[in-house]
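What follows is a set of notes on a single structure, which appears directly below.
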Amino acid sequence: MCGRFTITLEAPDLQEGLGITELPPDWMPRYNVAPTQPVAAVLDLQSRRAEWLRWGLIPSWAKDPSIGDRLINARAETLSEKPSFRQAFARRRCLILADGFYEWQRPAGQKGPAQPFHFFRKDKKPFAFAGLWETWKPPEGELIRSCTIITCSANEVVAPVHDRMPVILSGESLWKWLEPAGLDVLAGFLKPYPADWMMAVPISKLVNNARLDSPDMLRPAA
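Just so we're aligned, residue 15 is where the sequence shown starts under our numbering, counting upward by one.
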């Protein structure tokens with residue numbers, strides 16, 4: 015699964031790196047994005063404007079928003095089958111902006127906290143997670159727009175730490191993900207990112223605390 019990630023670039027660098035036309039006015043770099051928090055996502059191919067969505071997809075038919083806490087990820091292999099994701103996969107895809115993600119490793123037989131790793135592109139450029147989004151209307155109050163990150167099997171860089179990784183999009187695939195397409199075409203995007211383009215660094219266990227968010231999260235492990 016993907017349960018934490020980073021998006022550490024300042025607004026001008028992020029916009030230039032991905033071709034985003036506009037970011038939310040309260041944008042700031044993030045070093046420990048956690049579920050249920052706002053994430054920056056692009057929903058529309060034409061405007062290419064990023065906006066805030068709640069991380070944890072709430073299906074339109076949900077009785078309450080708590081289901082979103084369990085739907086932070088969607089397995090690529092079952093998107094067409096699961097009622098929570100089927101319609102969004104066909105009609106409501108999004109790009110969730112990022113420049114890295116975290117996973118944890120606990121070697122067999124070892125006690126104590128697991129070792130967190132930060133995964134990112136070797137050139138440190140930003141990318142996007144392939145995502146799905148939904149709108150949920152509560153009995154009272156404003157609409158909630160939420161999203162989930164699609165995951166696939168891990169590549170050779172991630173596999174020693176975890177058997178799953180987020181679907182990463184960059185280059186031409188970035189915007190093609192938002193184009194109208196059949197499910198067979200969309201399935202072609204749902205594959206591990208090239209391992210040759212990625213690297214992993216063991217980092218400080220400060221990231222284990224979801225309330226912390228600073229550059230110290232990326233401090234190399236002692």
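All residues carry an ideal CB built from backbone N, CA and C; glycine is no exception. Source: prediction; values computed, not measured.
- prompt: On the three-state DSSP scale, how would you describe residue 112?
  reply: strand
- prompt: Where do the ends of the beta strand (DSSP E) carrying residue 186 lie?
  reply: From DSSP, residue 186 is part of no beta strand (DSSP E) but of the alpha helix (DSSP H) over 186–190.
field: Integer Cβ distance of residue 180 from residue 23, believed to fall under 8 Å
entry: That belief does not hold up - the Cβ atoms of residue 180 and residue 23 are roughly 18 Å apart, past 8 Å.
message: Just list the residues that DSSP pairs residue 133 with in beta bridges.
response: 115 and 214
query: From 65, 138 and 25, pick the residue whose C-alpha is nearest to that of residue 160; which is it?
result: 65
field: Local conformation of residue 194 per DSSP, three classes
entry: Here residue 194 sits in coil by DSSP.
- prompt: Which whole-angstrom value is the C-beta distance of residue 197 and residue 104, which I expect to be below 8 Å?
  reply: 7 Å
- prompt: Whose C-alpha, out of 109, 218 and 38, is nearest the C-alpha of residue 163?
  reply: 109
- request: Quick one: give me the first and last residue of the beta strand (DSSP E) that residue 8 is part of.
  value: This structure leaves residue 8 out entirely; the chain is present only between 15 and 236.
- prompt: Quick one: is residue 235 buried, meaning 16 or more other Cβ sit within 10 Å of its Cβ, or exposed?
  reply: exposed
- request: May I have the straight-line CA-CA distance separating residue 5 from residue 100, to the nearest angstrom?
  value: Residue 5 lies beyond the residue range present for the chain, which begins at 15 and ends at 236; the question has no answer from this structure.
- prompt: The beta strand (DSSP E) spanning residue 123 covers which residue range?
  reply: Neither: residue 123 is in no beta strand (DSSP E) and is coded neither H nor E.
task: Starting from residue 146, follow its DSSP beta bridges and name the residues at the other end.
output: 107 and 162
- request: Would you kindly work out how many angstroms separate the C-alpha atoms of residue 81 and residue 71, rounded to a whole number?
  value: 8 Å
query: How far does the alpha helix (DSSP H) with residue 88 in it reach, from first residue to last?
result: Run containing residue 88: none in the alpha helix (DSSP H); it sits in the beta strand (DSSP E), 87–89.
message: Can you find the residues in the same chain that come closer than 8 Å, C-beta to C-beta, to residue 107, ignoring five residues on each side of it along the sequence?
response: 144, 145, 146, 147, 191, 192 and 200
message: I'd like the span of the alpha helix (DSSP H) that includes residue 64, first residue to last.
response: Not the alpha helix (DSSP H): residue 64 falls in the beta strand (DSSP E), residues 64–69.
- request: Determine the burial state of residue 42: buried for a count of at least 16 other Cβ atoms within 10 Å of its Cβ, exposed for fewer.
  value: exposed
query: DSSP on residue 72, reduced to helix/strand/coil?
result: coil
query: Using the C-alpha atoms, what's the distance from residue 156 back to residue 25?
result: 28 Å
- request: My understanding is that residue 166 touches residue 87, with C-beta atoms under 8 Å, so please give their C-beta distance in whole angstroms.
  value: Between residue 87 and residue 166 the Cβ distance is about 10 Å, and since that is not below 8 Å, they are no contact.
- prompt: Beta-carbon separation of residue 231 and residue 46 under 9 Å?
  reply: yes
message: Please classify residue 94 as buried or exposed, where buried requires at least 16 neighbouring CB atoms within 10 angstroms.
response: exposed
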